[in-house]
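A.B. asks: Counting along the sequence shown from 1, when you hit position 92 you're at 92 in full-length UniProt numbering, and nothing is skipped either side.
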Amino acid sequence: MPINAGYEYGEAQKKLAEAKTPEEKIKALENLLSVSPSHKGAEKLRQELKTKISKLKSKQEKEKSAKRGGRSIAIKKEGAAQVTLVGLTNSGKSTIIQKFTNAKPQIAEYEFTTKTAEVAIMDYHGVKIQLVELPAIFTGYSYSSMGPTYLSIARNSDLVVIIIDGLIDCEEQLKSIETEFLGVGVRLRKINENQYRRI
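1. If you run the structure through DSSP and keep just helix, strand and coil, what is residue 86?
2. I'd like to know whether the C-beta atoms of residue 49 and residue 33 end up nearer to each other than 8 Å.
3. Helix, strand or coil: how does DSSP classify residue 78 here?
4. Helix, strand or coil: which one does DSSP assign to residue 28?
5. May I have the straight-line CA-CA distance separating residue 103 from residue 140, to the nearest angstrom?
6. Going by Cα to Cα distance, which pick from 22, 15 and 91 is closest to residue 59?
7. With a CB to CB cut of under 6 Å and the five nearest residues on each side skipped, what residues in its chain are close to residue 2?
8. Skipping 5 residues on each side, what residues in its chain have a beta carbon closer than 8 Å to that of residue 197?
9. Excluding the 5 residues preceding and the 5 following residue 79 in the sequence, name in chain order all residues of the same chain whose CB lies nearer than 7 Å to its CB.
10. Whole angstroms is fine: what's the gap from residue 199's alpha carbon to residue 27's?
11. Residue 159 lies in the beta strand (DSSP E); which residues open and close that run?
12. Quick one: grab the DSSP three-state call for residue 40.
13. Can you tell which of 159, 125, 100 and 88 has the C-alpha that lies nearest to the C-alpha of residue 112?
14. Within the continuous beta strand (DSSP E) that includes residue 124, where are the two ends?
15. Examine the Cβ distances between the stretch 161-174 and the stretch 140-151 and report whether three or more of them are shorter than 8 Å.
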């Protein structure tokens, strides 16, 4: 039986065909449903649209839950505070660990030297501070198999310190790192908008 769809339905179909992301597809399907015929002959069509919307929303929620969750690594806090060091590859995280603690992390010129979270204790005028170095952040880190797990360590720490390579575009490095944190639902809060330290 023909559904006798009108002009608005045809335009809504075009928008659905152009949709790329899950969010765009859901919005386009909901719009298509809102302008679809309501007579008895279109009942099957409307039900199919509702099913597609439901499946897309369910898939989207599962993906969000996976990104928020991931596998959890519990690093027992020691000392007065736990500070997590994050940065892109070869930004100097391991060098800082070596400089301020007795730890001997692997340092090399090749990329992605640090393979897992490294823990060390820094003695600052008698105050013990735990430093945790995370493996280098890269584009798509928050979607990788272990990225959400490592970012959960930063989420639970007392302070996150972003290590920047001064020889590369600093703003781009910051943007890349903040994007991956946002990917797991974490928004980094600056202590002071104009406060930077050169080491």
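Heads up, the beta-carbon is just placed ideally off N, CA and C, and yes, glycines get one too.
C.D. replies: Let me spell this out:
1. Numbered from its first residue, the sequence shown carries residue 86 at position 86. Residue 86: strand per DSSP, three-state reduction.
2. Residue 49 sits at position 49 when you count from the first residue of the sequence shown. Residue 33 sits at position 33 when you count from the first residue of the sequence shown. It is a contact, given that the beta carbons lie within the stated cut-off.
3. Residue numbering aside, residue 78 sits at position 78 when the sequence shown is read from its first letter. For residue 78, the three-state secondary structure derived from DSSP is coil.
4. By one-based count along the sequence shown, residue 28 stands at place 28. Residue 28: helix per DSSP, three-state reduction.
5. As a position in the sequence shown, residue 103 is number 103, starting the count at 1. As a position in the sequence shown, residue 140 is number 140, starting the count at 1. Distance between the alpha carbons of residue 103 and residue 140: 29 Å.
6. Counting from one through the sequence shown, the residue named residue 59 turns up at place 59. Its Cα nearest to that of residue 59, the residue 22 stands out among 22, 15 and 91.
7. By one-based count along the sequence shown, residue 2 stands at place 2. Interpretation of residue 2 is limited by its pLDDT of 46, a score under 50 that renders its predicted location unreliable; the figure taken from the coordinates is listed afterwards. Here the set comprises nothing.
8. Residue 197 sits at position 197 when you count from the first residue of the sequence shown. Low per-residue confidence applies at residue 197: pLDDT is 49, beneath 50, and the placement is therefore not dependable, though the value from the model is reported in the following sentence. Closer than 8 Å at the Cβ level, and outside the excluded window around residue 197, lies no residue.
9. For this step, residue 79 is matched to residue 79 along the sequence shown. Result list for residue 79: 121, 128, 129 and 130, in chain order.
10. Sequence index remark: in the sequence shown, residue 199 carries index 199 (1-based). Sequence index remark: in the sequence shown, residue 27 carries index 27 (1-based). Only weak support exists for where residue 199 lies, its pLDDT of 43 falling under 50; the coordinates are left without a value.
11. Taking the sequence shown and counting its residues from 1, one reaches residue 159 at position 159. Per DSSP, residue 159 belongs to the beta strand (DSSP E) from 159-163.
12. Against the sequence shown, residue 40 aligns to sequence position 40. Note: residue 40 maps to helix in three-state DSSP.
13. Position 112 of the sequence shown, counted from the start, is the residue given in the question as residue 112. Taking only the C-alpha atoms, the option nearest residue 112 is 88.
14. By one-based count along the sequence shown, residue 124 stands at place 124. For residue 124, the enclosing beta strand (DSSP E) starts and ends at 118-124.
15. For the pair of segments examined, the stretch 161-174 was found not to touch the stretch 140-151: the number of CB pairs separated by less than 8 Å stays below three.
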